[in-house]
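Trainee: Chains as they are written, first to last, in our numbering: chain A, 1121 to 1367; chain B, 25 to 322; chain C, 818 to 1132.
Cβ coordinates follow ideal geometry from the N, Cα and C atoms, glycine included.
Treat the numbers as computed from the prediction; the structure is a model and nothing was measured.
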């Protein structure tokens, strides 16, 4: 499999704290990678660096061989990288459908100022995406009126709607109740199956990583301490200590 | 050589004035994160009341201390009357709302104060220049220079030192720093945040009025002086970085000297120096010289 | 059902507006013209408010438009009304395109006050360069021609009214289309979450810049229309109180619809016309008090009352 994303010596500090240290990593085309680690292990910093929200102190990031280190989030998104957020980043005063329509307009590159946003073909596609995510009953509601779980799903739906080559998800099940976690992930996986989207998701829940990823990466204090097949990686005592604080 | 001295003295006097009128605006913004658009009107009220007190109580030969005392009294009266009223009755209700609502609110208050000033003092110019003329002038390096601007520089330096001392060496300074850093956390530490806000807004109002009162002897007072002062103060604190008192001081000195140089060497630029500097600074350092960029956590 | 009849009220309103010059007195017609023209500038303020950008300096572009036309009369000898309007539009676009390069990087208080500062710079220029701008005396607009001959004063007034009506309607329609377009919705999106806009691959800066220029062009046209109606322009067009008035009317009307600025503007012009005569020293105070009332009790502006009535009466 060819390499889609590669980081070389990626390093970032916050003040004196090293949030990410000399990270060398390859993500392969078509893979489903789970990144696990405790709070402050550098997981979200990794996503913020890859998408250009933060700039690294050292190192570089390659997307399909192209150096994207100094590009802005907008430029990186336009190269086919989409992400979802730990705290949903939505347009609270627009309807669920309008949120999605904007994503579809952005994807098509037709952010024009004459034709309507509410176009038949976009509405139809939006409706389908909402169905996939079990959000169709919320279509005409303002996002501000949505329950937390639905917001989380919409946040991911907006990223998926961009049809990226690389999808990055920041804690897709954070804030979702324990019994709903697997349902959310099942929905996601069934949506992504069949598409060729390479997916990287960040999690602090071991069960989610074990069940849904094909490769697990463990972050601890800004470094990768384990990398490999999930069931093998996650049973390692050192990994458990790093993620859970006890073996 | 003489010309340079004059440029320097004019520049310092103007810098002192700029600092006096902008310190309150940046202080209030620093603590409350609200830009008070009524700042210029508080300045105007301070100027009018200061002039009135001078006209009534200061004989033409009265001393420096008495004059300064009267002007300070005017500033405190205005600040104590207007500050808590504006903050407690109006501003407090919009802290949770969008920034532009807060701006609109202070704009509404500015409109009201504009007419209040007109209703009290009318539209005919008020002149109270006794201190400026009666304090006389000093001879320095072969030139004669009025005394009053030196007084202004002294007061500005004193104020800067006082603010610096309060912020770095007192319990009050620590409380302010805590509230600025994190409102919620400082509330859990037992700080009465609403009271700090009222205090900070009132202090800013007194500073605004003080700027006006000290200016009163220099210009004749007419309606509308507040608007110019608001815009100029904003330019100064935008150069220094919104919320930074040190930034306001540096911005004042830079603008003061540059403008006084412009007056003598490029007179047609006079009016625009301040905005020119502001534009240049913002082009290369959008957050101002001493401002900080906040990155939102996502 | 009934959808095909829905245009009838609009048709009647349009007919009434077009035929108004035959019925209304010259003074009322004049006020309507000025209100309609200023509504264009207010529409620009509303457009920016959709992205949560509050400007206290929009009169800058209003004055730029008026003075571009005024200088066109003075130095180029232009008399054709359409040419003057074109000049004002280009001036509004051009100046906002230039200053926009700096201003669009800012939000919140910075955006509001930078605009204010630049408008006061223009005010200073208009006052100071007396030989060009006429200083406090301003510039005079002789009666423009519109490719027709022999206009009496009354018919000029009627023509300016009709011109404002048609040009205004056109620009309002274009803005209405813009609001419903993806680029228009991006302004709303920016208000709610700039980070997500960037993460959709949409340029926040380009969207704000576009909005800023459109708002500048609208204000430029407003400026020349008012200048032509009054026959005379002064630096006060650029003064902060004029910008404040635009903001006030925008908030009074509300940002929910393109019609709100028109309703707000007409209401404002007529009330001011009578209130100002009653008590000139309390006019601003009245505005301030009204603004406070809107902030606390009617955050959606007058237009939200229409929406309220609509929801109460059922679908």
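1) Helix, strand or coil: how does DSSP classify residue 1152/A here?
2) Go ahead and label residue 885/C buried or exposed: buried means 16 or more other beta carbons lie within 10 angstroms of its beta carbon, across all protein chains shown.
3) Name the residue from 1060/C, 938/C, 891/C whose alpha carbon lies nearest to the alpha carbon of residue 1133/C.
4) Does any C-beta atom of chain C lie closer than 8 Å to the C-beta of residue 1211/A?
5) Whole angstroms are fine: how far does the CA of residue 877/C sit from the CA of residue 1051/C?
6) Count the other CB atoms within 10 Å of the CB of residue 1025/C; is the residue buried (16 or more) or exposed (fewer)?
7) Given this structure, state the Cα-to-Cα distance separating residue 145/B from residue 852/C, to the nearest angstrom.
8) Apart from the five residues on each side of it in sequence, which residues of its chain come closer than 6 Å, Cβ to Cβ, to residue 1342/A?
9) Counting only Cβ-Cβ distances shorter than 8 Å, please list the residues of the stretch 118-136 of chain B near chain C, keeping chain order.
10) Got a sec? Which residues, its chain only, sit under 7 Å from residue 923/C by beta carbon, not counting five neighbours each side?
11) Between the alpha carbons of residue 1120/C and residue 1073/C, how many angstroms are there, rounded?
12) Output, in sequence order along the chain, the residues in the stretch 1062-1088 of chain C whose CB is closer than 8 Å to any CB in chain B.
13) In the DSSP output, what is residue 1289/A paired with across the bridge?
14) Under 8 Å: do the stretch 1026-1036 of chain C and the stretch 1069-1086 of chain C share three or more Cβ pairs, one atom per stretch?
15) Quick one: any contact between the stretch 258-274 of chain B and the stretch 284-292 of chain B, if contact means 3 or more CB pairs under 8 Å?
16) What's the gap between the Cα of residue 1253/A and the Cα of residue 117/B?
17) Tell me the DSSP secondary structure of residue 850/C in three-state form.
18) In terms of alpha-carbon separation, which member of 1123/A, 1284/A, 1279/A, 1313/A lies closest to residue 1292/A?
19) Using C-beta distances below 6 Å, list every residue in its chain close to residue 1146/A, excluding the 5 sequence neighbours before and after it, in chain order.
20) When DSSP builds the beta bridges, which residues end up paired with residue 1347/A?
21) So what does DSSP say about residue 1131/A, is it helix, strand or coil?
22) Going by beta-carbon coordinates alone, are residue 64/B and residue 253/B separated by less than 8 Å?
23) Using a Cβ cut-off of 8 Å (strictly closer), state whether residue 299/B contacts chain C.
24) Are the C-beta of residue 317/B and some C-beta of chain A separated by less than 8 Å?
25) Could you give the DSSP three-state label for residue 63/B: helix, strand or coil?
26) Since residue 1178/A is in the beta strand (DSSP E), which residue starts that stretch and which ends it?
27) Once you ignore the five residues that flank residue 312/B on each side, which residues in its own chain have a CB closer than 7 Å to its CB?
28) Between residue 1368/A and chain B, is the shortest Cβ-Cβ distance under 8 Å, so that the two count as touching?
29) Determine the contact status of residue 1006/C and residue 1014/C, defining contact as a CB-CB distance below 8 Å.
30) Helix or strand or just coil, what does DSSP make of residue 1168/A?
31) When the Cα atoms are used, what is the spatial distance from residue 830/C to residue 210/B?
32) Rounded to the nearest angstrom, what separates residue 1093/C and residue 152/B at their Cα positions?
33) Specify whether the stretch 84-98 of chain B and the stretch 227-244 of chain B touch according to this definition: at least 3 beta carbon pairs, one from each stretch, less than 8 Å apart.
34) For residue 955/C, which option in 963/C, 854/C, 941/C has the closest C-alpha, if you only look at C-alpha atoms?
35) Check for me: the beta strand (DSSP E) holding residue 163/B runs from which residue to which?
36) Please list the segments of the alpha helix (DSSP H) lying wholly inside the stretch 159-241 of chain B, counting only runs of 4 or more residues, in order along the chain.
Mentor: On the basis of the supplied data:
1) strand
2) buried
3) This structure cannot speak to residue 1133/C, because chain C is shown only from 818 to 1132.
4) yes
5) 13 Å
6) buried
7) 33 Å
8) 1138, 1139, 1140, 1141, 1162
9) 118, 122, 123, 124, 125, 127, 128, 129, 131, 132, 133, 134, 135, 136
10) 931
11) 7 Å
12) 1064, 1068
13) 1321/A
14) no
15) no
16) 40 Å
17) helix
18) 1279/A
19) 1123, 1126
20) 1337/A
21) strand
22) yes
23) yes
24) no
25) helix
26) 1178-1183
27) 262, 263, 264, 265, 266, 271, 305
28) Examination of residue 1368/A is not possible in this model, given that chain A is present from 1121 through 1367 alone.
29) yes
30) helix
31) 58 Å
32) 31 Å
33) yes
34) 941/C
35) 161-164
36) 172-193, 195-205, 207-212, 217-239
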